[in-house]
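Residue numbers (our numbering), protein chains in the order written: chain A, 90 to 378; chain B, 13 to 852.
The beta carbon of each residue, even a glycine, is placed where N, CA and C say it ideally should be.
Here the structure is a predicted model, which means the values were calculated and not measured.
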């Protein structure tokens with residue numbers, strides 16, 4: 090029982106990370122039609138900066154803050170220089186460009202900080218005893234921080250005028266234009282927000298995985314699986330999809346086979362999509378002539 | 013397919029190049045250390061070709077090809093360890109690749125491009141994980157050697173890593189290229205590209221997109237597995253390293269660089285992939301950085317790829333030198349005498365019978381209880397205002413009702429029609445055109461018509477040439493539709509629908525967007541089709557042209573049939589007439605209006621959408637305090653004019669002037685609310701867009717909410733999608749009002765509303781006018797515009813056809829004539845008849 094509880098907590102903690110990343114992906118995708126493959130590698134740059142600061146004795150919290158700032162800045166730079174010139178609605182080209190960015194960014198990180206795995210500091214250490222299980226405090230913190238971040242994003246989108254405007258632009262770019270919303274400004278805000286969430290997710294994930302230039306590729310893929318499971322355009326879907334993937338991933342690793350966790354997770358996702366192509370929360374569209 | 017000489021010559025290029033290369037390799041002209049690279053380039057060429065043609069022809073971008081490549085290589089390794097022959101290994105790998113590819117292609121056809129990316133990403137991830145963990149077969153990350161494979165067909169025994177395998181790789185690539193060349197001009201490719209460019213239109217000519225993508229992915233997967241076998245032999249050792257996702261990205265980079273969907277481009281890509289390491293060390297950057305930069309640069313600056321770019325340059329040079337000869341005459345050469353109108357219309361055998369057909373989407377009834385019959389030698393016109401259910405009826409006939417529920421019965425030529433799939437209707441003998449000429453943009457004009465055939469013979473090509481000549485497209489047969497004006501694209505759409513001589517031809521707004529000359533040509537063409545024995549169903553808003561060709565007219569409104577008659581009599585039916593013009597009782601009059609200062613003035617404004625003229629030379633003056641009505645049938649250019657007056661649409665020609673700072677608010681056609689947002693949020697967002705924030709926003713919000721009817725005020729937190737049509741319209745007007753506009757523009761506020769609600773909306777608009785707001789009202793129903801406006805402008809086909817004051821006793825007749833026929837000064841139409849009354 091305590092073993093199961095541990096697996097579950099660890100699953101929810103992983104799921105919270107995938108959910109945060111997925112949330113970032115969905116926010117950017119809804120606003121600009123870009124599936125941002127480079128999100129993970131840009132966040133990795135942020136992580137390395139945070140680690141360098143930590144090594145110089147800066148507090149970890151400030152390091153996390155620096156990671157967020159660096160990631161957001163890098164993301165905005167990428168958007169303005171290589172994504173925006175592509176023009177609107179270039180779904181595939183934009184995806185491939187971000188793949189290119191990701192190759193470059195990973196390599197830059199590798200050439201500056203080296204390819205050897207490094208340890209990333211936890212924000213908290215130790216364990217908490219709960220129903221006879223020693224739950225790592227870092228897992229609980231991850232869940233708490235992710236929950237707060239998600240709640241804030243929820244507040245922004247549900248309760249503020251800016252959030253309404255972002256939802257409006259995502260629902261119909263054409264109507265938003267007629268009403269007079271500035272799409273470029275909203276796009277920049279969405280990119281900043283999405284990358285900020287990714288950087289935060291990265292800081293929560295890295296203490297467990299260690300840091301190499303490709304450290305975030307695996308969680309990015311699982312976040313992908315999560316958002317497709319959730320329906321690609323739904324923010325709730327991204328969070329719930331990420332959590333589902335996280336829990337499944339940990340259950341599969343512990344009770345099925347640690348060697349085939351991706352096989353399990355992706356097969357499950359594809360199977361669900363074959364039955365329900367629009368995902369759990371997506372809506373079916375119908376093309377009219 | 014036809015093997016003409018040039019095709020054979022091109023197909024022989026691959027083997028010839030391969031033979032030359034092999035001769036070079038054998039002669040020792042290529043240094044030994046480059047021999048392996050040449051073999052590798054040959055293998056990569058096959059893979060890039062598989063990925064590139066799949067993307068170019070079927071629109072499927074796969075990141076799953078590293079997995080196929082790996083499967084082939086491990087087949088070679090496993091086979092060599094278990095004494096399989098070369099042929100067994102190749103057959104096994106090809107069969108595995110084809111089966112997996114067919115599955116991915118079939119599953120992927122249900123998804124968009126992004127879902128396919130995820131699907132193939134998942135495929136690669138899962139395959140790589142299996143390879144890494146299933147050590148008993150794959151050797152895990154230690155890898156397995158490919159020692160030797162014996163051939164039973166006399167190729168001898170190939171040692172892994174030996175020189176023979178390099179020759180084999182080059183030879184195999186040459187054969188694959190030689191097969192790809194004829195495939196590129198085959199009906200198969202045309203059908204794949206057709207299914208990719210426009211799946212819906214493809215269905216109407218009998219192409220099923222799912223089957224096409226399963227087939228192409230299967231072939232692509234099989235080829236890549238074959239290349240994997242070659243790779244295994246070439247390297248003599250197989251480990252998981254080369255088959256990473258990074259390799260998948262590199263493959264896409266290679267495809268994009270060379271040019272997606274071209275064969276020469278694939279060769280270029282294969283060569284790039286092989287020598288990328290050398291290139292990287294030459295420029296002194298790490299390999300992935302070079303690949304990433306190349307990928308980004310190509311997509312930004314040469315999105316079509318290097319080879320098509322160079323090809324385009326060469327074409328332009330060639331075309332310039334022959335520009336004098338290339339002046340495509342757009343006139344229809346008419347080899348046949350104009351057919352005499354058939355006098356025996358209406359007594360032919362019955363071809364089509366629809367009984368009590370209804371279509372509903374969710375709760376919305378798009379078509380209700382429609383019944384009609386059509387005889388073999390008849391041209392039937394369907395008329396009715398926007399939203400009357402005409403297009404839905406056409407979609408019932410061609411099987412494109414999507415997830416709508418269809419009930420009732422339909423018989424076509426004695427067979428039940430409703431159960432037949434859309435792709436089967438073409439075979440039954442039904443062809444159709446589309447309102448916006450949905451042609452396949454990536455095929456040439458000739459190919460657009462040819463792709464209706466599965467196998468293309470010389471006879472078919474000759475038929476198509478004749479057909480294109482008869483519609484006046486012969487001279488542009490090798491051009492892409494995009495290079496043609498809209499009128500010619502519509503002719504192409506028609507030619508495609510006619511290609512297999514259907515018994516029933518369905519034309520969806522064929523006259524829309526055409527100029528007078530083109531419309532006359534089209535009318536001639538439709539009459540000739542009829543003379544050849546084709547039954548025709550047409551819907552259109554250009555009534556003159558429609559009535560000039562039709563034998564019988566059926567009028568629709570609110571999804572029901574409301575009248576029937578000949579072209580001469582149908583508009584005399586008061587019900588039909590009022591569905592266009594409306595019947596309006598007494599209503600609150602607009603305030604007495606003294607001509608105020610000019611708020612917005614348009615001078616010589618014109619606008620076009622992709623070659624289609626929407627507005628031409630419009631002069632308009634919106635005066636302060638006035639209620640200006642702009643009336644016109646659907647497609648007359650009203651919404652375009654609304655956008656230009658609002659300022660959100662920049663006119664292509666002419667000027668828009670506004671006196672000082674004039675704020676405008678637009679309630680667009682169809683309301684265009686943000687359906688997922690609540691009522692309050694819809695208003696907030698509009699205020700935010702107008703630059704109102706903080707306390708001012710709350711204040712404005714309160715004022716605007718006060719304006720809304722009480723039943724909406726209580727539901728400010730409900731989502732706008734749940735409102736009824738009339739309530740949505742109120743909210744749309746409120747949203748336009750929240751920015752405190754000087755001019756309110758309302759586009760078709762009555763569309764789709766029940767009469768009582770229409771009155772409520774109009775009363776509220778009139779009240780706003782009484783409070784001093786300037787209002788521009790765009791209205792489909794002329795009588796309604798006349799009853800509520802100070803001044804009415806009648807638009808007909810993008811031109812101001814009449815303008816006057818409703819109080820003027822002569823104006824009503826003038827406006828009505830202008831509404832239907834363009835009135836005075838309109839271009840002579842195809843009919844050119846006396847139905848356009850002359851008004852002095």
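With residue i as the anchor, note down where its beta strand (DSSP E) starts and where it stops.
i, result
"residue 574 of chain B", "572 to 577"
"residue 129 of chain A", "Element bounds for residue 129 of chain A: not the beta strand (DSSP E) but the alpha helix (DSSP H), 128 to 144."
"residue 783 of chain B", "It is not in any beta strand (DSSP E) - residue 783 of chain B carries neither H nor E in the DSSP assignment."
"residue 377 of chain B", "376 to 387"
One question on the structure: do residue i and residue j come within less than 8 angstroms of each other, judged by their Cβ atoms?
i, j, result
"residue 113 of chain A", "residue 332 of chain A", "no"
"residue 204 of chain B", "residue 69 of chain B", "yes"
"residue 679 of chain B", "residue 804 of chain B", "no"
"residue 732 of chain B", "residue 776 of chain B", "no"
"residue 213 of chain A", "residue 230 of chain A", "yes"
"residue 312 of chain B", "residue 197 of chain A", "no"
"residue 91 of chain A", "residue 222 of chain A", "yes"
"residue 512 of chain B", "residue 469 of chain B", "no"
"residue 538 of chain B", "residue 548 of chain B", "yes"
"residue 235 of chain A", "residue 293 of chain A", "yes"
"residue 807 of chain B", "residue 587 of chain B", "no"
Between residue i and residue j, which are expected to be in contact by the criterion C-beta below 8 angstroms, what is the C-beta distance as a whole number of angstroms?
i, j, result
"residue 246 of chain B", "residue 51 of chain B", "5 angstroms"
"residue 442 of chain B", "residue 518 of chain B", "7 angstroms"
"residue 285 of chain B", "residue 60 of chain B", "7 angstroms"
"residue 27 of chain B", "residue 186 of chain B", "5 angstroms"
"residue 109 of chain B", "residue 236 of chain B", "6 angstroms"
"residue 138 of chain B", "residue 352 of chain A", "5 angstroms"
Kindly examine the ligand SAH and report whether one of its heavy atoms sits closer than 7 angstroms to the Cβ of residue i.
i, result
"residue 244 of chain A", "In terms of ligand content, the structure shown is empty, and the ligand SAH therefore cannot be addressed."
Compare the C-alpha of residue i against each of the options and name the closest.
i, options, result
"residue 360 of chain A", "B:366, B:145, B:134 and B:295", "B:134"
"residue 454 of chain B", "B:645, B:577 and B:272", "B:272"
"residue 311 of chain A", "A:245, A:329 and A:240", "A:329"
"residue 280 of chain A", "A:366, A:232 and A:110", "A:110"
"residue 268 of chain B", "B:295, B:318, B:237 and B:241", "B:318"
"residue 244 of chain A", "A:325, A:302, A:133 and A:154", "A:325"
"residue 275 of chain B", "B:774, B:189, B:216 and B:570", "B:189"
"residue 147 of chain B", "A:161, A:348 and A:353", "A:348"
"residue 131 of chain B", "B:397, B:632 and B:77", "B:77"
"residue 653 of chain B", "B:671, B:633, B:672 and B:540", "B:633"
"residue 251 of chain B", "B:290, B:162, B:143 and B:579", "B:143"
"residue 762 of chain B", "B:754, B:772 and B:806", "B:772"
"residue 397 of chain B", "B:29, B:200 and B:760", "B:760"
"residue 541 of chain B", "B:569, B:491 and B:483", "B:483"
"residue 689 of chain B", "A:225, A:336 and A:258", "A:258"
"residue 215 of chain A", "A:95, A:225 and A:144", "A:225"
Looking at the secondary structure, which residues open and close the alpha helix (DSSP H) in which residue i lies?
i, result
"residue 308 of chain B", "299 to 313"
"residue 78 of chain B", "77 to 93"
"residue 616 of chain B", "Taken as a continuous stretch (DSSP letters only), residue 616 of chain B belongs to no alpha helix (DSSP H), being part of the beta strand (DSSP E) at 610 to 621."
"residue 135 of chain B", "125 to 145"
"residue 260 of chain A", "250 to 260"
"residue 97 of chain A", "91 to 121"
"residue 650 of chain B", "650 to 658"
"residue 740 of chain B", "737 to 749"
"residue 527 of chain B", "Taken as a continuous stretch (DSSP letters only), residue 527 of chain B belongs to no alpha helix (DSSP H), as it is neither H nor E."
"residue 344 of chain A", "That residue, residue 344 of chain A, is in no alpha helix (DSSP H); it is neither H nor E in DSSP."
"residue 191 of chain A", "180 to 202"
Which residue spans inside the segment 533 to 586 of chain B form an unbroken alpha helix (DSSP H) run of at least 4? Complete alpha helix (DSSP H) runs here, min 4: 555 to 561.
What are the start and end residues of each continuous beta strand (DSSP E) run of 3 or more residues lying completely inside the segment 274 to 337 of chain A, in chain order? none
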